[in-house]
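Under the numbering used here, residues 5 to 206 are what the sequence shown spells out, in order.
The beta-carbon is built from N, C-alpha and C at its ideal position, and this holds for glycine as well.
For clarity, every value in this text was computed on a predicted model and none was experimentally measured.
For reference, the structure discussed in these notes is given below.
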Amino acid sequence: MKLLAFVGSPRKGSNVEILIDKVIEGVHSKISASVKKIYLYKANIQLCTGCLACTALKGGKPCPLKDDMPRILTAMEQADGFIFGPPNHVHSMSAAMVNLFCRMQPLIKMSVERDSVGNIIGATSSTTISGKRAVVVVSQGDFSPCQSALLLRVLDSNIKDFKLVKVAEILSTGNLERAQVKDKAYDLQQAFEAGVRLAGVK
Ligand SMILES: Cc1cc2nc3c(=O)[nH]c(=O)nc-3n(C[C@H](O)[C@H](O)[C@H](O)COP(=O)(O)O)c2cc1C
Numbered sequence: 005m006k007l008l009a010f011v012g013s014p015r016k017g018s019n020v021e022i023l024i025d026k027v028i029e030g031v032h033s034k035i036s037a038s039v040k041k042i043y044l045y046k047a048n049i050q051l052c053t054g055c056l057a058c059t060a061l062k063g064g065k066p067c068p069l070k071d072d073m074p075r076i077l078t079a080m081e082q083a084d085g086f087i088f089g090p091p092n093h094v095h096s097m098s099a100a101m102v103n104l105f106c107r108m109q110p111l112i113k114m115s116v117e118r119d120s121v122g123n124i125i126g127a128t129s130s131t132t133i134s135g136k137r138a139v140v141v142v143s144q145g146d147f148s149p150c151q152s153a154l155l156l157r158v159l160d161s162n163i164k165d166f167k168l169v170k171v172a173e174i175l176s177t178g179n180l181e182r183a184q185v186k187d188k189a190y191d192l193q194q195a196f197e198a199g200v201r202l203a204g205v206k
């Protein structure tokens, strides 16, 4: 099994990454897997400029940005599953995680139906990563889970757009400080079990 883990926090080794590592541990407890972590704040992933070139509306052309993203998209197509780890930043996903989903748009293949004067009257879509498994790992500072309600909804919508199958979701709260989750046995256990599910065992 090949997995890609997207570390969406700018703080290396902090809450999100600790939880991601637990998920990976859960995977390895059941199967042998090759896991590659991608640090979104270190990778060369430029901001989407919104040109829409990659969309069906503009003919599905290659993204004009020259960076690591084509290589990452190929790795995603070759992977069996993903771990998405955004921290909560301003009630939302971290900027780098939002940008990842923007830059993943070339994976969506859409065919649009137009009327006789060119208006779009319908569309069907498929994706090149459809059916792959995903685990979502979120860490936030506040103790109230409501803080991440919007974030989790946006994540779910994107997972649906890319036709992924979410097998587990971890929301760890009260982690304002760096690496605070390291002593939270329950959250770490939940992350471990998410890894077991990602491995496809239960
Ligand atoms: C710019 C910024 C905005 C944040 N906004 C929120 C927020 O709206 N709600 C919340 O609960 N925590 C918020 N936090 C706290 C982080 O979600 C929390 O520290 C999280 O555990 C960070 O994960 P990390 O340690 O892996 O970076 C914010 C942190 C930063 C840096």
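Distance cut-off 7 Å: residue i Cβ against heavy atoms of ligand 1
i: Q151; result: yes
i: N48; result: no
i: S283; result: Because the chain spans 5 through 206 in this model, residue 283 falls outside it and cannot be assessed.
i: A134; result: Inspection of the sequence shows that residue 134 is occupied by Ser rather than by Ala. No, ligand 1 has no heavy atom inside 7 Å of this Cβ.
i: L180; result: yes
i: Q194; result: no
i: E173; result: no
i: G85; result: no
i: R15; result: yes
i: V158; result: no
i: V94; result: yes
i: D146; result: yes
i: V20; result: yes
i: S143; result: yes
Whether residue i touches residue j by CB criterion (8 Å)
i: A100; j: L8; result: no
i: R107; j: M73; result: yes
i: V185; j: L23; result: yes
i: A183; j: N19; result: yes
Cβ shell of residue i (< 6 Å), same chain only, five flanking positions each side left out
i: G12; result: L44, G89, P90, S98, A100 and M101
i: D119; result: I125
i: L69; result: Q50
i: S96; result: L155
i: A37; result: M5, L7 and V31
Min CB distance residue i to chain B below 8 Å
i: K70; result: Among the protein chains of the structure shown there is no chain B, as only one such chain exists.
CB-CB length for residue i against residue j, believed under 8 Å
i: V142; j: S152; result: 5 Å
i: T131; j: P149; result: Not confirmed; about 29 Å, so no contact.
i: I174; j: A198; result: 6 Å
i: G145; j: L180; result: 4 Å
Own chain residues within Cβ distance below 8 Å of residue i, not counting five before or after
i: C67; result: A57, C58, M73, P74, R107 and P110
i: N103; result: L44, I49, L51 and C52
i: K206; result: With a pLDDT of 47 at K206, under the threshold of 50, the predicted position of this residue should be treated as unreliable, and no value is reported.
i: F196; result: K26, V27, E29, G30 and S33
Contact set for residue i: own chain, Cβ-Cβ below 7 Å, skip 5 residues either direction
i: K46; result: none
i: K167; result: T131, S134 and G135
| request: Count the CB pairs spanning the segment 186-203 and the segment 120-140 that are closer than 8 Å, and state whether there are at least three. | output: yes
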